[in-house]
Amino acid sequence: HPAEWYEPRGPLARAVVEEMKAAGVLVFAGGLEEEIHLAYGADDTGSIGGPITSTGEYIGGLTIINVATDDEAKMWGAKVGQACGWPQEIRKFKGA
Numbered sequence: 000h001p002a003e004w005y006e007p008r009g010p011l012a013r014a015v016v017e018e019m020k021a022a023g024v025l026v027f028a029g030g031l032e033e034e035i036h037l038a039y040g041a042d043d044t045g046s047i048g049g050p051i052t053s054t055g056e057y058i059g060g061l062t063i064i065n066v067a068t069d070d071e072a073k074m075w076g077a078k079v080g081q082a083c084g085w086p087q088e089i090r091k092f093k094g095a
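When we follow my numbering, the leftmost residue of the sequence shown carries the number 0, and every step to the right adds one.
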């Protein structure tokens, strides 16, 4: 997408985060650095440069919410997806 497509996405996404705050469901939301070449992988033997996966997928950020139902999670995911302009992956924490 051209830069003009991305420019309005930030304010739209921040508006959804504010809506989550107002609803009392937001735990955390944050964007990730865009320079994927600066990412690194680490384990108990050290670290390596670059992202761990080579699939070409891009993770732009992470949002954690606390809701009672899967339907609520899907609703918020859809709002974030609409604001960002791409689908969102929705997962539960283990044991949650």
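Ideal Cβ placement from N, Cα and C applies to all residues, glycine included.
Everything numeric in this text was worked out from a predicted model, so none of it was measured.
Excluding the 5 residues preceding and the 5 following residue i in the sequence, name in chain order all residues of the same chain whose CB lies nearer than 8 Å to its CB.
i          : result
residue 58 : 31
residue 26 : 63, 64, 65
residue 19 : 25, 28, 62, 64, 75
residue 79 : 12, 15, 62, 87
By how many angstroms is the C-alpha of residue j removed from the C-alpha of residue i?
i          : j          : result
residue 24 : residue 1  : 33 Å
residue 71 : residue 9  : 23 Å
residue 7  : residue 44 : 42 Å
residue 87 : residue 28 : 13 Å
residue 15 : residue 77 : 10 Å
residue 4  : residue 85 : 12 Å
Here's the rule I'm using: 16 or more other beta-carbon atoms within 10 Å means buried, otherwise exposed. How should residue i be labelled?
i          : result
residue 82 : buried
residue 12 : buried
Excluding the 5 residues flanking residue i on each side, which residues of the same chain have their C-beta closer than 7 Å to its C-beta?
i          : result
residue 73 : 89
Does any heavy atom of the ligand SAM sit closer than 6 Å to the C-beta of residue i?
i          : result
residue 72 : Looking for the ligand SAM in the displayed structure turns up nothing, as the structure carries no ligands at all.
So if DSSP puts residue i in a beta bridge, which residue, or which two residues, is it bridged to?
i          : result
residue 70 : According to DSSP, which records beta bridges pairwise, residue 70 is partnered with nothing at all.
residue 64 : 25
residue 30 : 60
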